[in-house]
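Each remark here refers to the structure printed beneath this line.
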Amino acid sequence: MNTFGRPLPRDSTALVILLGCATALGPLSTDMYLPSLPALATIYGTDAASVQLTLSAFLAGFAVTQLIYGPVSDRFGRRPALLFGIALFTLASVGCAFAASIEWLIGWRFVQALGACSGVVLGRAIARDLFEGAHAARALSMMAMVLGLTPAVAPILGGYLHAGFGWQANFLAMALVGCLLGVCVLVFLAESNQRRNPTATHVRPMLRNFGTLIRHPRYRGYVLCVAFSYGGMFSFISGSSFTLIQVFGVSETIFGYCFSLIVFGYLCGGFLGTRLTLRLGVDRMLGVGAACCALGGIGMALLQSWAWANGLDWHWFSLIGPMMLFTMGLGLTMPQGQAGALQPFPHMAGSAASLMGFVQMSVGAIAGIFVGHALNETSLPLSWTVAAMGLATLLSWLLIVRRRAA
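Quick note on numbering that gives the first Met the number 0: the sequence shown kicks off at 0 and runs consecutively.
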């Protein structure tokens, strides 16, 4: 399928930025309305756990659809699948804005994920089509930096939109972004899949591909590093607005600025990845990222536990500071883990990206549901869940990736 305009060159920075914008549909959908979460409980007359389901339902839809977009794009091409996903995302965003009940909002969030998922899966697959080895990791790190701008800006913008126009304005803004991105993909993105697989969507070959991937030890190690580090991040996403607003007493607008600090940590990790990956290699950078995730999570848990045990009323930065270290590790772990997982499978990059995304989002959804039900008047459920995810990331690198590389 040809573009309607002039496609971007495959080695251009603009192309990497466009792919980064496509992958940003995911964090845009989760982060922009975070300042509204505590208010939604009051608006819909429900509890925090039910409101948190609007996040976990999104991840559930994301997880399931990851298994579909990859094989479909392996057979029919990346571009048409991406255009379909963006259109579905835009429609569902409008549906979220006019949801009449919390149940309808949860349902529309699930549909919204079915569309937003296309950007994450296909952005990675397109990068794998165009780049090799450490250059793929570098491109993914650049995409991660573009991606990181979204959670830095989205909660701040969402807080002001909530304060000025109500929570519905956040979802209408998402719909507008979907429209603009769809036009850019239609005009500037050429098809990257030059090796179509006519059997990719057949059930038996699909399951056979997934079986091949699961049996690959290093693939498992990379995927677990990605999944557990993301699980820690999504634990924070799920519980941060309730914890910071209700426990630490910050306002909806200030919450956005608090959240942007942890994104700064993520951007630092992505920046280091673009500078050091070609010199140090994927596995060593992945180990550094996993160690940062573990140190940040465990440090947060110990700090918050000490404050709770001694009755201390600490500043919100006691939560945000350690999380900045965790997200710096995330900025290193995600692109390295993704590149390492996809590299051995050029003939089924879409399926490899899909399975990785399914595991990643499943772990995130489970961690988010746990945090939503465990939330209380302290910061302990959030901090200890992040610590567990960080430790699991480091163990996955030590026991699988590093051991298999030795």
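Every residue, glycine too, gets a C-beta built ideally from N, C-alpha and C.
Please read these numbers as outputs of a predicted model, since none were measured by experiment.
Point to revise | Contacting residues, own chain, Cβ-Cβ under 6 Å from residue 84 (five flanking each side not counted) | key: By 1-based counting over the sequence shown, the position of residue 84 is 85. Cβ neighbours of residue 84 beyond the five flanking positions: 114 and 117.
Check your understanding: Once you ignore the five residues that flank residue 29 on each side, which residues in its own chain have a CB closer than 7 Å to its CB?
Key -> Walking along the sequence shown from the start, residue 29 turns up at place 30. 54, 57 and 236.
**Study point:** Other residues of its chain near residue 291: CB distance less than 6 Å, five sequence neighbours each side excluded
**Key:** The count along the sequence shown starts at 1 and reaches residue 291 at position 292. If you ignore the 5 residues before and after residue 291, its C-beta comes within less than 6 Å of the C-beta of 324, 327 and 328, all in its own chain and listed in chain order.
Practice item. Compare the C-alpha of residue 233 against each of 45, 390 and 360 and name the closest. Key: As a first step, residue 233 must be located in the sequence shown, where it is residue number 234. Considering only alpha carbons, the answer is 360.
Check your understanding: When DSSP labels each residue in this structure, what does residue 251 get in the three-state scheme?
Key -> Counting from one through the sequence shown, the residue named residue 251 turns up at place 252. Correct three-state label for residue 251: helix.
Review point. Mind checking residue 77: buried by the 16 CB within 10 Å criterion, or exposed?
Key: On the sequence shown, position 78 is the one that residue 77 refers to. By the neighbour-count rule (16 or more Cβ atoms within 10 Å), residue 77 is buried.
**Study point:** Where residue 165 sits in the DSSP three-state scheme
**Key:** Here residue 165 corresponds to residue number 166 of the sequence shown, with the count starting at 1. Coil at residue 165, not helix or strand.
Check your understanding: Looking at the structure shown, is residue 372 part of a helix, part of a strand, or coil, going by DSSP?
Key -> The residue given as residue 372 occupies position 373 in the sequence shown. In the three-state scheme derived from DSSP, where H, G and I count as helix and E and B as strand, residue 372 is classed as helix.
Check your understanding: In or out: residue 332 buried (at least 16 other Cβ within 10 Å) or exposed?
Key -> In the sequence shown, counting from the first residue as 1, residue 332 sits at position 333. The C-beta of residue 332 has 16 or more other C-beta atoms within 10 Å across all chains shown, which makes the residue buried.
Review point. What are the complete beta strand (DSSP E) segments, minimum 3 residues, inside the segment 264-289?
Key: Not a single unbroken stretch of the beta strand (DSSP E) spanning 3 or more residues falls wholly within the segment 264-289.
**Study point:** Extent of the continuous alpha helix (DSSP H) to which residue 102 belongs
**Key:** In the sequence shown, counting from the first residue as 1, residue 102 sits at position 103. Note, residue 102: alpha helix (DSSP H), 101-129.
Check your understanding: In whole angstroms, what is the alpha-carbon distance linking residue 228 and residue 388?
Key -> For the purposes of this step, residue 228 is identified with residue 229 of the sequence shown, where counting begins at 1. For the purposes of this step, residue 388 is identified with residue 389 of the sequence shown, where counting begins at 1. Rounded to whole angstroms, residue 228 to residue 388 spans 6 Å at the Cα level.
Check your understanding: Going by the CB atoms, is the gap between residue 281 and residue 366 shorter than 7 Å?
Key -> Against the sequence shown, residue 366 aligns to sequence position 367. Against the sequence shown, residue 281 aligns to sequence position 282. With contacts defined as CB atoms closer than 7 Å, residue 366 and residue 281 fail to qualify as a contacting pair.
Review point. Got a sec, what are the start and stop residues for the alpha helix (DSSP H) residue 12 sits in?
Key: One-based indexing of the sequence shown puts residue 12 at position 13. Here the alpha helix (DSSP H) through residue 12 covers 12-22.
Check your understanding: What residue from 69, 247 and 36 has the CA that sits closest to residue 345's CA?
Key -> Sequence index remark: in the sequence shown, residue 345 carries index 346 (1-based). Per the Cα distances, 69.
**Study point:** Coarse secondary structure for residue 193, derived from DSSP in three states
**Key:** Translated into the one-based positions of the sequence shown, residue 193 becomes position 194. In the structure shown, residue 193 sits in coil (DSSP, three-state: anything other than H, G, I, E or B).
Point to revise | Pick from 341, 305 and 342 that is closest to residue 383, judged by C-alpha positions | key: Residue 383 sits at position 384 when you count from the first residue of the sequence shown. It is 305 whose Cα lies nearest to the Cα of residue 383.
Point to revise | Among 335, 401, 386 and 353, the one whose alpha carbon lies nearest that of residue 120 | key: For the purposes of this step, residue 120 is taken as the residue at position 121 of the sequence shown. Of the candidates 335, 401, 386 and 353, the one whose C-alpha sits nearest the C-alpha of residue 120 is 353.
Check your understanding: Do you know offhand how far residue 311's Cα is from residue 373's?
Key -> Sequence index remark: in the sequence shown, residue 311 carries index 312 (1-based). Sequence index remark: in the sequence shown, residue 373 carries index 374 (1-based). Taking the straight line from one Cα to the other gives about 21 Å.
Review point. Can you name the start and end residues of the alpha helix (DSSP H) that residue 383 belongs to?
Key: Here residue 383 is taken as the residue at index 384 of the sequence shown, counted from 1. Where residue 383 is concerned, the enclosing alpha helix (DSSP H) stretches over 379-395.
Review point. Exposed or buried, which one is residue 319 when buried takes at least 16 other CB atoms within 10 Å?
Key: Numbered from 1 along the sequence shown, position 320 holds the residue referred to as residue 319. Around the beta carbon of residue 319, 16 or more other beta carbons lie within 10 angstroms, which makes this residue buried.
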